[in-house]
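Sequential numbering from 1 applies to the sequence shown in UniProt numbering.
Below you'll find the structure, written out as structure tokens, and then a few comments.
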Amino acid sequence: MSYSKVHRYFLRTIASSGVMSVDEAHRVLTKFTGEPILLKNCIQEINDVIRPYQQSIKVTYNESTNEEVVIFLTHAWDSISESQKIFTAKELDYFRLLIEEIMSIDVREITGIHAINLVNKMGQKISMLQAENLLAKWCKMYYLEKIQNKYRLGVRTINEFEDYFEKYMPDVMKDCYICKKNVFWGANCIACEKAIHTRCLNQYLEKIKKWPCCKLDFSPDQLKQLNESQRMTQITQTFEDTQSIEERSENSTASNVENDNTEEMERSQNTDNIRRLSRKRKRE
Numbered sequence: 001m002s003y004s005k006v007h008r009y010f011l012r013t014i015a016s017s018g019v020m021s022v023d024e025a026h027r028v029l030t031k032f033t034g035e036p037i038l039l040k041n042c043i044q045e046i047n048d049v050i051r052p053y054q055q056s057i058k059v060t061y062n063e064s065t066n067e068e069v070v071i072f073l074t075h076a077w078d079s080i081s082e083s084q085k086i087f088t089a090k091e092l093d094y095f096r097l098l099i100e101e102i103m104s105i106d107v108r109e110i111t112g113i114h115a116i117n118l119v120n121k122m123g124q125k126i127s128m129l130q131a132e133n134l135l136a137k138w139c140k141m142y143y144l145e146k147i148q149n150k151y152r153l154g155v156r157t158i159n160e161f162e163d164y165f166e167k168y169m170p171d172v173m174k175d176c177y178i179c180k181k182n183v184f185w186g187a188n189c190i191a192c193e194k195a196i197h198t199r200c201l202n203q204y205l206e207k208i209k210k211w212p213c214c215k216l217d218f219s220p221d222q223l224k225q226l227n228e229s230q231r232m233t234q235i236t237q238t239f240e241d242t243q244s245i246e247e248r249s250e251n252s253t254a255s256n257v258e259n260d261n262t263e264e265m266e267r268s269q270n271t272d273n274i275r276r277l278s279r280k281r282k283r284e
């Protein structure tokens with residue numbers, strides 16, 4: 001099928017939503033055309049047109065929702081670049097710090113306090129209110145995902161920034177023992193610490209009740225232990241972030257008190273000067 005209004009309509013729809021399920025994509029196309037359209041062919045034909053603009057549409061698996069999804073991707077992020085006109089340079093700098101911080105932690109997620117706290121690492125800071133608004137916006141755009149006040153990479157970031165992570169953060173990238181693809185959400189074997197996608201592990205365990213990497217007998221309690229360890233890591237992180245905020249608050253309060261005292265002394269000195277000048281004029 002040649003490039004037509006059907007392709008343009010679907011491109012506008014997926015670019016606007018960012019992410020949609022494959023089932024939803026089929027419904028969108030069928031509703032517009034009134035007849036079944038082969039999604040795979042439609043996406044390929046659109047990609048042939050938008051590839052020169054460093055954009056693409058991709059069908060992938062979302063481990064968070066356990067479903068196949070269609071994603072609109074922008075590939076001009078080699079250095080979290082200025083190509084994204086909807087965000088300022090400072091906002092992009094914050095986003096870079098955010099995703100690198102998430103990737104540097106074994107559990108691949110950070111608390112809300114930790115995420116907001118990152119503004120203090122920026123050269124040109126943004127306010128904490130701005131940070132909160134940006135976090136909400138990036139969640140809405142599927143660049144982040146928020147679960148119980150913790151942030152982790154959204155399905156759009158995982159697919160859009162994979163090359164960026166491999167280029168700039170190769171030391172933190174781990175390949176799944178089974179499928180050999182990068183692991184963003186998964187588990188590490190309790191014995192050999194090999195990384196495995198949650199989906200890959202579950203499929204393997206349907207046939208063999210052993211860890212696929214070292215063949216250790218598998219027990220659901222082992223995952224509970226891993227989750228508990230991750231939970232304790234998050235509690236420690238939250239405590240440290242809270243302490244940091246309290247310290248900044250105390251320093252700010254002390255600074256304000258000092259400034260108030262200085263201003264009071266200056267006002268007192270100015271008052272004394274005015275009185276002396278007034279007495280001098282009376283004598284004259």
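Virtual Cβ for every residue (Gly too), placed ideally from N, Cα, C.
### Query
Quick one: Cα of P220 to Cα of C179, how far?
22 Å
### Query
Mind checking whether F184 and R156 have CB atoms under 9 Å apart?
A distance of 9 Å or more separates the beta carbons of F184 and R156.
### Query
Would you call the CB atoms of C200 and Y164 closer than 9 Å?
no
### Task
Using only alpha-carbon positions, find the residue among N149, G154, L135 that is nearest to Y143.
G154
### Query
If you draw a straight line from the C-alpha of S16 to the C-alpha of E100, how long is it?
Roughly 26 Å separates the two Cα atoms.
### Query
So which of N66, E160, I71 has the shortest CA-CA distance to T13?
The residue among N66, E160, I71 with its C-alpha nearest the C-alpha of T13 is I71.
### Query
If we count Cβ pairs, one from each stretch, closer than 8 Å, do we get three or more for the segment 101-109 versus the segment 125-142?
no
### Query
At a cut of 8 Å, does the segment 110-120 reach the segment 130-138 through at least three beta carbon pairs?
The segment 110-120 vs the segment 130-138: in contact.
### Task
Consult DSSP for E68 and reduce its assignment to one of helix, strand or coil.
strand
### Query
If you draw a straight line from the C-alpha of V119 to the C-alpha of L29, how long is it?
42 Å
### Query
Where does Y53 fall in DSSP's three states?
The answer is helix: DSSP assigns Y53 an H, G or I state.
### Query
G18 to R108, Cα distance in whole Å?
22 Å
### Task
Whole angstroms is fine: what's the gap from K207's alpha carbon to P170's?
33 Å
### Query
Can you tell which of N62, K58, A131 has its C-alpha closest to the C-alpha of D93?
A131
### Message
Within the continuous beta strand (DSSP E) that includes S16, where are the two ends?
### Response
In the DSSP assignment, S16 falls outside any beta strand (DSSP E) and within the unbroken alpha helix (DSSP H) covering 5-17.
### Task
Count the other CB atoms, across all protein chains shown, that sit within 10 Å of the CB of A191; report buried if there are 16 or more and exposed otherwise.
exposed
### Query
Roughly how far, in whole angstroms, is the beta-carbon of N202 from the beta-carbon of A195, given that I think they are within contact range, below 8 Å?
With a Cβ gap of about 15 Å, N202 and A195 do not count as contacting.
### Task
Answer with buried or exposed for D217, where buried requires no fewer than 16 other C-beta atoms within 10 angstroms of its C-beta.
exposed
### Query
For H7, which residues of its own chain have a beta-carbon under 7 Å away from its beta-carbon, when the five flanking residues on both sides are left out?
C42, E45, I46
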